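Undergrad: Below you will find the structure I want to go over with you.
Chains as they are written, first to last, in the UniProt record's numbering: chain G, 1 to 409; chain Y, 1 to 409; chain H, 1 to 409; chain S, 1 to 409.
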């Protein structure tokens, strides 16, 4: 099949024109596995709060590809040698870094697709593609796994200052309209360097990094962990759990073939065969939302109500505070629900539930963001900073939440 | 039900904060009919060309509401009296102006939902809502229909310089990244005035209007009529037609309840009863895309291939030119398809087809955009302009296209 | 002198980072002739209307340099060969294209610096620099003059779609806040191509060009020819004329050395010697504004009043219309001024005067903007356009103005 | 004099349209004292690093006026009553808050205008205007001084989160192109509230405040204290000191009348009479730059060299580090300069000098930024924050610098 000329430039509201290199990268994008990401929203249920947040994992992956290209160009201008093969492999690795995501990934991993996460599924996909593409992805896989001897390539794909984060913070900020999360990608890229094959940030970029971390923290509290998105996601987890529960009781639910497959399947640890992968490749947001739409008039009270909550956006109340909620208060809410809706204990827990959220802008446990000083020394960004603020950003913050119905159904 | 405080401010990437007035407007937004617009994409298949173009009719309607508020504020500052009732009615009218749209509206109106268009369905919805809201929408309906005695309110909802166009040009330009379609909303609003109850543009705004019309034309050629979107939409029309054809032959296709209803239904002129409306209210992008996903392995060759074309983005070739294509060329393409895929004449027409597209930035037939001169005279924007360019923009441009497979399946 | 590393990247609010190539380009920027452009405003008196319009010719020249680099990169990606020498020469040519501008250039050319224009002075500067830089600018001069055998390089420097216009439209739009003048530089650059050594725009870029021309026309009417800037500039012309008149009568005015020189000098056709050039190199906005400040309490009524008009922004009334003003009306205004201020006929003409302004977005007389069709044909943008609008933009529009005092002094 | 209609809307690249209220505010803007701010750059010598940074104190003041209007509107929407008089007074106070600035204010206060600072001069101007405007500014003066009984009005004019900072951070970030300093003005304004007449930030705005403080710190280190601006400003201080020194020795330097006045004047503590104020009102950037231009060929070596350094942008080397520079190193540099340029000790200190810079994003000593919790409690932003980072931002950071010639003259 000849490569059509048209697709090689993509219009992006954030970066302007994105040029897609012909060959492997172009062919990967054309593949059904990758095209499927067009049907998977990047931000899950967030559009219920931020109506603009309908961008997809496809778009994010293309954005990552673009800034990876730019980053490698910048590094080459600074004298870091990167071979043509390494370049293509790094681009393939970032392009495919999210290929394992399913619809509403975090919700799904906590409900119907068990004992395997999106990184693991991603690797299965990449290995499958590697077979199809006759081993062209072997180097990309090494970089992806971090086993290649030049770690900076892996760090660009996955680290505390990788191209993934750099794109999604900017993109999510753009589409939600939460301008405060905007980061200066050009400047971040301009500050990168490599020393002894490790990724570095030049000293003069330290405030840029600080701004990046503050923006990240802000996006977590105000967007990713926004209480309305949170409650919607938690309800979604419970819709899917209930659906699985009913399915396993032998009740046949309307659902697409791929979704039915995963509602029926019990995934043992480490078991995700080729067939499961192929079915997973058929699964996207449309299966999940369509199923919930049809469940809005199902006989089962719990499934029906939970589905309506999301489809018609009639969300429960959610409260968040630093300390855990008193058990008395929780019991009281559950009792009210049980009484008013005539539910069992187990059923009531679908409507009244608690949990915690945590946020940490910078992790001391993972590989550090390294600062390369003017004199050529390497120091962790925290000790390089002239103030305590970065240290503060590495503190884990935990909050508690409770959800319960706003009013009777 | 008590109005939750949270929803009253919405974050919009384009206008920043949008404030939702409590009462009727807020309650309309909460209604399932309106929430459904969250699941209907504003730009149909355009995301296959512009990956950012996933914004919804919900978001557009909220944007229109916002600039209607701004426009009315500006007019009041200029001494145009607008009563509280008129304000609410104008806002309701613009909020609901697209409520009758179904999924991939233009495609659907040319395939499975016949003899009625989205404006007519919209009016049915609004009248139904008017019953539910005890007549609160009576004035909005008058404004919507243009029967209210102050025409400028209708002109703000539907005219050659209405809030609908003002929002969608800006919004579609933003989400596609086609920066050239961006228009200066603030300036347009600042230039509006009213004379004898008709909407006017102040003389100094004439270049702003010209820019608006040029942007509109550009968006049509480069975005709305982009050849790749066009071919995708035309294939979609044919998927749905084929599905209806098969259904009417008695073949049962996997589809959601609402979609099945419309595949089975033959809509006679003027017949769209309450039940049809309720089912239509369940129909959105998720029904259509999900159905096509499941049809990708259907027995019928035509349905299967057309569905795959869209889902996997393997689009046919499309050519566009000023003159019609030679019938020899068309026949040649059809013959090739028939031969290679072993199809009948009728089936081949699903894969090889021609059509025309037209574009006109400004219509002389409709009500003019009126310019109010400094001396208080009213003139059509075309005669007010110092150059011929606006006149030129009112010329209808027609182009011909042909679609046929790029390569064998 | 060693090139300091720091200066090689410049922060630009419009393009982000601008990289300055080391060597000739860097050294030209360091030269006093070029640094002087930091003290010459790009938009003259426009800041009296648009308070943000204080950007300089220095900044514009740097911006031009940047997009010239980008344009050449794009062309090379399309297979147009450009040698390293040609690249440097094209960059030098665009960098220096405005080097001959004095302060408030248009006003000055109509008052104290006669019989020579900024292009001619520019060439004198460039030839002088060529001596200093040992002939390194010889190719740049050829390109500048249009005598090099590859015309597209000259067309990028000076044509109807050159890098000069591309930068100044965008920059002036940005700094004035007149968002409607914004143009899509990235897209313009992406659409350029070269055929037989002539600059072309690819066919799909035709709407981009149309938008560019409409933006240009709009900027002329709403910004460059804004009536308040116009009146301020016309008063400035008259301040300088009066100052020259008084100087030639033997009256010594406070003024900087370079300004005094030009107030005294009578420039014969074709005579602008080396000394004049050196003095001109000392002249900038600061000489002119400072002089007017000191003239605000001069004995001469005309000089004093005109200076105050600008410094304190107490501008005369200006009226603009299509037809010339009636001579009765003009005489009436002059008589009033003569009577009320006790002036002679000649003096009154400093306060009451008429003139014309013209605007033409695209000129048929100059070299056309050529469109390269998909089939490889070359056509003028006007015949390539599907509508009459571009033709309309090539019409010359003329308007008349009159200025006279708003009120008594 | 009748208010011309034209001036009442100003185009601002940042906020779009700014509407100027007629009456007192409009008349203040028309006054020569205020128009003078058009000739005073907001960022002094920063344009030598950021070529776009030519915006003026006039523009900043107009921007402050705009957001003060917006802030008061927001507060009123939240039920805070603000009378028409208070509104006008608050707007007048913010409009005039910088009226006392001279050219290159910080440099001037450290050289020729001694024993009085721009706040004190500002108050003198405002009191003078109050006489001219028959006491209309009495309430504005109270608000300005902080003696009005509703402190939030003063806090909006001058505090750790005032409209001054809110505008200048955004504006300086915009014009320098240092996008990272951009702050979300809309969101800051939306988060303001008033409790018991004190300005508060609502709890949900806490990350916005954190972002504001981080942006402020970043702007200090990367822009306001940028080493190249710093060295230019320090040289400017020394040019003016040298000029004053020579003047007091009886050497007559070319300079405008107002500048000569201040070169001659010795300002005793608390003595700044009406005449001095009138002369000060004549002084702006044009006097200082013009003088330096003329001093570029003065007989005095020190004055000449220092002036050339700035005018031709041939800046000395500057080094910055945490610890003070060794006295040996300083002496060595001075000795080299003395020897090579044949200077006295005192003269050498004009070319080799050291100093310190400090930066603190948030001050514990001043009135706190107060957070109003959902439950109605008031807490300092530092204790409200969930992390240590804000505390860290209140630490004072001090750095040392040394400047000395890059190379021989």
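For each residue, glycine too, the CB sits at the ideal point set by N, CA and C.
From a predicted model like this one, the values you see are computed outputs, not experimental measurements.
(1) Can you check whether the C-beta of residue 187 of chain Y is within less than 8 Å of a C-beta belonging to chain H?
(2) Do residue 231 of chain S and residue 303 of chain S come within 8 Å of each other at the CB atom, strictly closer than that value?
(3) Does DSSP put residue 157 of chain G in a helix, in a strand, or in coil?
(4) Cβ of residue 207 of chain Y less than 8 Å from any chain H Cβ?
(5) In chain G, which residues lie less than 7 Å from residue 190 of chain H when you measure between Cβ atoms?
(6) In this structure, does DSSP put residue 83 of chain H in helix, strand or coil?
(7) Near residue 374 of chain G, which residues of its chain fall below 6 Å by C-beta distance, leaving aside the five closest residues on each side in sequence?
(8) Could I get the ranges of all uninterrupted alpha helix (DSSP H) runs contained in the segment 358–401 of chain H, with 4 residues as the minimum, in chain order?
(9) For the segment 160–185 of chain G, which residues have a CB atom closer than 7 Å to at least one CB atom of chain S, in sequence order?
(10) Mind listing the chain Y neighbours of residue 210 of chain H? Cutoff is C-beta to C-beta under 7 Å, in chain order.
(11) Alpha carbons only, please: which of H/325, H/237, H/226 is nearest the one belonging to residue 411 of chain H?
(12) Near residue 320 of chain G, which residues of its chain fall below 6 Å by C-beta distance, leaving aside the five closest residues on each side in sequence?
(13) Can you find a CB in chain Y that lies within less than 8 Å of the CB of residue 256 of chain G?
(14) Can the beta-carbon of residue 175 of chain G be found less than 8 Å from the beta-carbon of residue 60 of chain G?
(15) Name the two residues that bound the continuous alpha helix (DSSP H) containing residue 212 of chain S.
(16) DSSP three-state call for residue 178 of chain Y: helix, strand or coil?
(17) Along the chain, where does the beta strand (DSSP E) containing residue 98 of chain H start, and where does it finish?
(18) Measuring only between beta-carbons, confirm whether residue 38 of chain S sits less than 8 Å from chain H.
(19) For residue 218 of chain S, which residues in chain G fall below 9 Å Cβ to Cβ?
(20) Could you give the uninterrupted runs of the alpha helix (DSSP H) lying entirely in the segment 273–328 of chain H, keeping only those of 4 residues or more?
(21) Quick check: what's the CA-CA separation for residue 366 of chain H versus residue 317 of chain Y?
(22) Taking only beta carbons into account, state which residues of the segment 219–235 of chain G come closer than 7 Å to chain S, listed in chain order.
(23) Report back the beta-carbon spacing between residue 64 of chain Y and residue 94 of chain Y to the nearest angstrom; my notes put them in contact at under 8 Å.
(24) Return the residue from the list H/376, H/253, H/395, H/166 that minimises the CA-CA distance to residue 189 of chain H.
(25) May I have the straight-line CA-CA distance separating residue 412 of chain H from residue 37 of chain H, to the nearest angstrom?
(26) Can you tell me where the alpha helix (DSSP H) with residue 199 of chain H in it begins and where it stops?
(27) For residue 80 of chain H, tell me which candidate among H/152, H/364, H/168 has the shortest Cα-Cα distance.
(28) On the criterion of 16 or more Cβ atoms from any shown chain inside 10 Å, does residue 406 of chain G qualify as buried, or is it exposed?
(29) What is the DSSP secondary structure of residue 195 of chain S, counted as helix, strand or coil?
(30) Are the C-beta atoms of residue 405 of chain S and some chain H residue less than 8 Å apart?
(31) According to DSSP, is residue 188 of chain S part of a helix, a strand, or is it coil?
(32) Kindly give me the distance between the Cβ atoms of residue 201 of chain H and residue 382 of chain H, rounded to whole angstroms, as I take these residues to be in contact under 8 Å.
(33) In whole angstroms, give me the CA-to-CA distance for residue 445 of chain Y and residue 96 of chain Y.
(34) With respect to the beta strand (DSSP E) encompassing residue 345 of chain G, which residues constitute its N-terminal and C-terminal limits?
(35) Does the segment 103–117 of chain H come close enough to the segment 274–290 of chain H that 3 or more CB-CB pairs lie under 8 Å?
(36) Does DSSP classify residue 247 of chain S as helix, strand or coil?
TA: Taking the definition as stated:
(1) yes
(2) no
(3) helix
(4) yes
(5) 17
(6) coil
(7) 203
(8) 381–384, 389–393
(9) 179, 180, 184
(10) 214
(11) Only positions 1 to 409 of chain H appear in this structure, which leaves residue 411 of chain H out of reach.
(12) 227, 399, 401
(13) yes
(14) no
(15) 206–219
(16) coil
(17) Note, residue 98 of chain H: premise wrong, no beta strand (DSSP E); not H, not E.
(18) yes
(19) 207, 208, 210, 211
(20) 274–280, 285–295, 301–311
(21) 40 Å
(22) 221, 222
(23) 5 Å
(24) H/166
(25) In the structure as shown, chain H starts at 1 and stops at 409, and residue 412 of chain H therefore has no counterpart that could be examined.
(26) Careful: residue 199 of chain H lies outside any alpha helix (DSSP H), inside the beta strand (DSSP E) at 198–202.
(27) H/152
(28) exposed
(29) strand
(30) no
(31) helix
(32) Their Cβ separation, rounded to whole angstroms, is 12 Å, which puts residue 201 of chain H and residue 382 of chain H out of contact at 8 Å.
(33) Not covered by the structure: residue 445 of chain Y. The range shown for chain Y is 1 to 409.
(34) Taken as a continuous stretch (DSSP letters only), residue 345 of chain G belongs to no beta strand (DSSP E), being part of the alpha helix (DSSP H) at 345–348.
(35) yes
(36) helix
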